[in-house]
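Student: Counting with UniProt numbering, you get residues 1 to 129 for the letters of the sequence shown.
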Amino acid sequence: MTSQNHGSSKWTFEENKAFESALAEVGLDSPAFFNHVASRVPSKSMDDIKRHYARLLQDVEMIEAGFFPMPRYVTPHDHHLDHVENNQGGGDEETRREKVGSSSKQGARKACSGNQRKRAIPWTEEEHQ
């Protein structure tokens, strides 16, 4: 790789994965932290590694400060809640969850027969906070 490319600001998927793996392997308080990370991503300079790490910290701070909303993932459970609300008179979310909880427990018992795995119950928004 030429010295012109050796400081490229673009990170490939593989470089980013190597960077993340290296972060997980070494303690942040280790004196050899950046050297270890740089050894795992040889296509990047030490300055590139430090800039990428600083951007990562900024992203984490922005997320923790609430500047990026938590994504709302749609699960089969959510579709079932909509069905219960439309067919059983609605009510508040807690009431809907109680209605779904009793019927889904019965369905889960039937579905778990044999070698099938029991489905997990998705976390609520409150449990994530």
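Cβ coordinates follow ideal geometry from the N, Cα and C atoms, glycine included.
(1) Exposed or buried, what is D48 when buried is set at 16 or more other beta-carbons lying within 10 Å of its beta-carbon?
(2) What did DSSP end up calling L73 once you bin it into helix, strand or coil?
(3) Am I right that V37 and L23 are in contact with their C-beta atoms under 8 Å? What's the rounded C-beta distance?
(4) I need the straight-line Cα distance from E64 to M70, nearest angstrom please.
(5) If you run the structure through DSSP and keep just helix, strand and coil, what is L28?
(6) Got a sec? Which residues, its chain only, sit under 7 Å from M46 by beta carbon, not counting five neighbours each side?
(7) Do R40 and A18 count as a contact pair if the criterion is CB distance below 7 Å?
Tutor: Taking the definition as stated:
(1) buried
(2) It is worth fixing the name first, because residue 73 is Tyr in this sequence and not Leu. Coil.
(3) 7 Å
(4) 10 Å
(5) coil
(6) F34 and A38
(7) yes
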